[in-house]
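2 protein chains.
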Amino acid sequence: MDIASKQLQHQETLETTAHEIAALLGKQQLIQDLSRRQSSSPKQEVLDTLLTRQHDAELKARLHKLHPADIAYVLESLPPEERDRLWNLIDNRERGAVIMELADSVRSSLLDAMDASQIVQIAETLDAAQVPEFLSTLSDEVADIITSGLKQDRVADIHSTSGFPEDSVGSLMDQNMIRIREDMSLASVMLLLREKQDLYQSFDQVYVVGENNVYKGCVDLKHLLFNPPETSIREIVEQDRLAFFTNDPAVNAVSAFERYDMLAAPVLNIHNQVVGNISVNSVMDFMDESREIQQLKSVGLSEEEEIFTPVWKSARNRWVWLGLNLLTAFFASRVIGAFEGTISQLVALATLMPIVASVGGNTGNQTVAIMIRGLTLKQINRDNVVRFFIKEANVGMVNGLLWGIAVAIFAYMFYGSYALSLVLLMAMVACLLISAAAGVFIPYLLSRYGRDPIMGSSVLLTAVTDSMGFFIFLGLASLYLI
Amino acid sequence: MDIASKQLQHQETLETTAHEIAALLGKQQLIQDLSRRQSSSPKQEVLDTLLTRQHDAELKARLHKLHPADIAYVLESLPPEERDRLWNLIDNRERGAVIMELADSVRSSLLDAMDASQIVQIAETLDAAQVPEFLSTLSDEVADIITSGLKQDRVADIHSTSGFPEDSVGSLMDQNMIRIREDMSLASVMLLLREKQDLYQSFDQVYVVGENNVYKGCVDLKHLLFNPPETSIREIVEQDRLAFFTNDPAVNAVSAFERYDMLAAPVLNIHNQVVGNISVNSVMDFMDESREIQQLKSVGLSEEEEIFTPVWKSARNRWVWLGLNLLTAFFASRVIGAFEGTISQLVALATLMPIVASVGGNTGNQTVAIMIRGLTLKQINRDNVVRFFIKEANVGMVNGLLWGIAVAIFAYMFYGSYALSLVLLMAMVACLLISAAAGVFIPYLLSRYGRDPIMGSSVLLTAVTDSMGFFIFLGLASLYLI
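Going down the list, the sequences are from chains A and B.
In terms of the working numbering, the first sequence has 402 at position 378, counting the first letter as 1, and numbering is strictly consecutive.
In terms of the working numbering, the second sequence has 385 at position 361, counting the first letter as 1, and numbering is strictly consecutive.
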């Protein structure tokens with residue numbers, strides 16, 4: 025399997041390919057369904073089998089031309105049954121490369137359907153550096169079986185790179201690095217590089233280590249290239265390059281790579297020994313994945329939810345969020361319940377009250393969005409959070425007055441009561457001020473106390489704006505209108 | 025200014041530095057405020073000036089040690105006045121590097137406060153490759169003035185790289201590339217590289233061009249290094265590497281860089297001439313920025329909104345969204361208005377109706393989140409959108425029944441009416457089915473017709489779930505309860 029020979033695809037070409045493969049699989053399904061439904065003649069069955077084989081051959085030929093990352097893309101966009109069928113057509117030697125490119129949820133659903141000996145076969149085709157990540161997606165029992173089934177040379181590295189917490193730099197690191205000793209000369213380094221050239225896709229710098237593999241610094245490739253061969257590494261090593269420790273949070277690596285346009289950095293253990301390399305590509309993957317997970321989490325979904333998660337699992341995934349939302353809805357409902365007497369005297373209140381709550385929730389969510397961006401970029405801190413609140417409160421005041429007047433005019437058109445319109449205006453302004461406060465301080469406090477502000481901010485905000493919106497509007501109404 | 029000598033910082037260190045700088049600026053502000061308030065003695069004034077100068081010196085010393093990207097970070101987290109004060113302390117020769125690292129909104133607010141001659145000074149310190157991006161943040165008039173003020177050698181490249189649409193590959197490309205002719209020998213290429221080594225930070229591959237700068241392929245650095253010097257480039261060029269055209273959408277580059285773990289790729293014009301280079305770092309920046317913008321746009325905010333946007337501008341930024349939300353709220357309110365007769369006979373309806381609407385909106389937003397992720401990853405297409413809807417409808421059915429029963433029990437506890445509880449249960453199931461449909465097809469249709477599903481999906485969804493929630497619940501109630 026030579027990945028380098030696979031043609032890389034532009035997005036449009038790839039989409040067409042995926043569509044064509046889905047169509048082929050669909051045709052095949054149709055033939056099978058038909059032959060199952062009609063109790064067909066033996067002749068027909070032979071024909072169907074032939075047709076299926078022909079399609080299989082065509083699919084295999086197409087798959088063979090695709091890069092593993094592209095096969096993974098096609099697999100992810102197929103519904104479960106078609107996905108399993110396509111998976112079975114993939115060459116055994118390519119399955120390892122494909123499986124490493126798949127999203128976690130799809131990867132585990134495919135692995136669940138295979139037995140241990142098949143999984144060992146896949147593990148055998150992986151690079152040593154990929155084995156730990158591969159094992160981490162298996163259950164512990166299966167992982168143990170696989171480990172004992174693997175040849176010894178593949179197990180060696182496992183213990184050194186597995187077991188790092190999910191969001192640590194350690195979990196992102198790989199072994200694609202070249203370590204050299206500081207007492208080497210350039211000439212001998214070049215000899216070493218030439219020997220190892222097939223092992224590494226690309227390298228921009230090599231890491232210099234001393235006694236016991238202790239980190240000493242980096243040497244840029246261009247300094248290796250353009251200094252005289254007798255130069256000693258000690259003369260050109262740069263000691264103040266950024267290095268990470270295995271237990272550094274991965275988000276810190278993300279911000280450093282983004283800020284300084286880095287391509288790779290060494291990863292050290294607590295003894296300052298170089299144990300791995302972190303590359304811009306794994307940082308980018310991590311960044312992308314964690315953003316996606318954040319987006320799902322912000323509406324209470326688990327990161328395992330993908331488009332074809334089975335119905336029952338999917339339904340359960342949503343329970344916590346649904347339960348929380350019902351709880352806040354119940355609470356808001358009880359707030360209204362306390363004013364049933366007022367509403368029965370003036371039923372227009374029931375008609376108008378959702379406007380106040382809805383505008384409060386919406387503007388609050390805008391404040392939350394700016395707040396979360398500020399927190400993510402670490403621009404908001406205790407030095408300026410109050411200033412930001414004052415600004416948001418002013419914005420709420422301006423918009424509450426302006427749009428409150430619009431709402432008041434709307435209400436007057438329908439109910440012809442100045443008093444009712446005035447109560448609506450007052451409620452709008454009050455509600456926007458409260459939603460500014462909730463929009464600033466809910467995410468702030470969540471992040472201050474170590475919680476992820478993305479999760480929970482919007483549920484808590486809606487709880488506040490809904491119940492306060494109803495309370496203020498109905499409360500003012502019972503004071504001034506009844 | 026030698027950027028390489030600046031110490032790169034880990035996130036925690038940087039946050040501490042930012043905090044200390046903010047504190048220093050705060051102290052300075054305090055002294056100025058005090059001396060303004062008290063009509064102080066001349067002696068006191070001298071003392072204040074001295075103190076201010078001492079602080080300035082300390083701030084300057086600290087700034088001088090920071091990497092331009094870190095100075096940019098500190099500037100972004102400061103409120104406008106402090107930001108301007110710190111900006112004035114930055115060395116003129118470093119301002120260019122800092123300004124290129126700033127977020128657009130902060131960059132333009134600082135540039136707005138400067139006159140043309142100062143801006144020209146900054147432009148002079150930029151790399152030729154950065155000038156076009158710099159000019160693009162200025163208004164056309166100012167840009168023209170600046171262009172005419174610049175030395176000729178800096179203007180040369182402007183016309184070749186400016187003017188690409190914002191989300192095209194062209195807008196992301198830089199000039200950090202090495203072009204070689206296919207008839208060169210390795211030995212002469214190495215000579216060329218050695219000459220140009222200071223011009224380029226790092227290079228992993230060089231681009232091979234033929235007559236008229238027409239693209240022929242790439243050569244990996246390691247092939248340059250480890251083949252005999254008399255080898256001709258023609259023998260080792262790889263012709264099937266992925267290249268982009270200036271008018272390719274930038275998102276396509278993002279997916280290719282992510283999928284294939286690329287570090288750089290050549291950018292061609294329509295004549296297949298190599299006009300630039302696109303690097304993984306600019307792809308990562310673009311990805312990050314567009315995600316942030318998406319998050320803001322999903323709640324109707326403009327990308328220019330940052331934490332310290334002035335109140336009035338900020339208020340206006342939110343009008344479209346507020347207006348849209350009010351419109352949908354008005355509509356939902358009129359739906360309720362149509363049932364005022366029913367509500368006045370059974371006021372419990374007013375208390376319970378927000379529960380139905382709120383649960384519908386929330387589950388719909390979960391469906392939207394999965395849908396948008398699927399659309400972004402291009403996993404959802406016309407082949408499988410209906411299957412996804414069927415799955416979501418089933419999830420809605422399951423959860424509607426389960427949680428509908430919970431809501432029905434809650435209502436029975438308060439109102440003791442079987443009929444009312446049954447109506448509530450039916451309304452919940454119906455509303456969750458509708459929200460599944462809206463959650464799938466609103467984003468799908470928006471993206472099908474070329475709109476960004478992130479913008480507008482949630483407003484449209486809430487419009488549907490709110491008004492349908494009220495309509496179904498109150499409608500069923502007026503049929504069966506009154």
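For every residue, glycine included, the Cβ atom is placed at its ideal position computed from N, Cα and C.
- Bridge partners of V291 (chain A) according to DSSP: A:F268, A:G300.
- Against Y468 (chain A), chain B offers no close residue; the least beta-carbon distance is about 12 Å (beta-carbon pairs closer than 8 Å).
- By the Cβ rule, the segment 125 to 140 of chain B does not count as touching the segment 322 to 334 of chain A, because fewer than three pairs are nearer than 8 Å.
- In the assembly as shown, N116 (chain A) is an exposed residue. Its beta-carbon has fewer than 16 other beta-carbons within 10 Å.
- Under the Cβ criterion of 7 Å, L110 (chain B) is not counted among the residues facing chain A.
- Your pair I458 (chain A) and G385 (chain A) does not check out as a contact, with CB atoms roughly 11 Å apart and the cut at 8 Å.
- In this structure, the CA atom of E329 (chain A) is about 8 Å from the CA atom of I394 (chain B).
- Within chain A, no C-beta atom comes less than 9 Å from the C-beta of N293 (chain B); the nearest is roughly 17 Å away.
- For G493 (chain B), no chain A residue has a C-beta closer than 9 Å to its own C-beta; the minimum C-beta separation is roughly 10 Å.
- Proximity of the segment 373 to 384 of chain A to the segment 278 to 297 of chain B falls short of the contact definition, fewer than three beta-carbon pairs being nearer than 8 Å.
- For Q142 (chain B), there is no enclosing beta strand (DSSP E); the enclosing alpha helix (DSSP H) covers residues 140 to 149.
- In the DSSP assignment, R203 (chain B) forms a beta bridge with B:Y231.
- As DSSP reads the structure, G241 (chain B) sits in a beta bridge with B:V232.
- Put simply, the backbone Cα of L162 (chain A) is about 13 Å away from that of M124 (chain A).
- Under the three-state reduction of DSSP, P156 (chain B) is assigned to helix.
- For P334 (chain A), the three-state secondary structure derived from DSSP is coil.
- Along the segment 446 to 472 of chain A, there is no position whose C-beta sits under 9 Å from a C-beta of chain B.
- In chain order, N408, R411 make up the part of chain B whose C-beta sits under 8 Å from the C-beta of P103 (chain A).
- Straight through space, the alpha carbons of V70 (chain A) and A288 (chain B) are spaced by roughly 51 Å.
- Neighbours of N116 (chain B) in chain A, taken as residues at a C-beta separation under 9 Å, are lacking, since the least C-beta distance is about 23 Å.
- For V422 (chain B), the C-beta contacts it makes with chain A under 8 Å involve V335, W336, A339, in order along the chain.
- Judged by DSSP secondary structure, G440 (chain A) falls outside any alpha helix (DSSP H); it is assigned neither H nor E.
- Contact between P103 (chain B) and F332 (chain B) holds, since their C-beta atoms are separated by about 5 Å, short of 8 Å.
- For I394 (chain A), the enclosing alpha helix (DSSP H) has its first and last residue at 372 to 400.
- Here L216 (chain B) has no same chain residue with a Cβ atom under 6 Å from its own Cβ, once five neighbours each way along the sequence are excluded.
- With contacts defined as CB atoms closer than 7 Å, A460 (chain B) and T391 (chain B) qualify as a contacting pair.
- Distance between R119 (chain B) and M197 (chain B), taken at the CA atoms: about 22 Å.
- D198 (chain B) is bridged by DSSP to B:N301.
- If the five residues before and after Y468 (chain A) are omitted, its C-beta is found closer than 6 Å to the C-beta atoms of V409, all from its own chain and listed in chain order.
- Using a Cβ-Cβ distance cut-off of 8 Å, the segment 365 to 377 of chain A and the segment 410 to 418 of chain A are not in contact, since fewer than three pairs of beta carbons, one from each stretch, lie closer than that value.
- The beta-carbon of R283 (chain B) is placed less than 7 Å from the nearest beta-carbon of chain A.
- Separation of Y97 (chain A) and L49 (chain A) (C-alpha to C-alpha, rounded to the nearest whole angstrom) is 15 Å.
- Sequence-ordered contacts of the segment 27 to 56 of chain B with chain A read Q31, L32, H34, Q35, E39, H43, A46 [C-beta pairs closer than 7 Å].
- For V431 (chain A), the closest of B:V193, B:R315, B:V232, B:N349 by C-alpha to C-alpha distance is B:N349.
- Only H91, A93, D94, A96, Y97, E100, S101 from the segment 71 to 101 of chain B bring a Cβ to less than 9 Å from some Cβ of chain A.
- Separation of the CB atoms of K402 (chain B) and V335 (chain A) is rounded to 24 Å, and the pair is thereby denied contact status at 8 Å.
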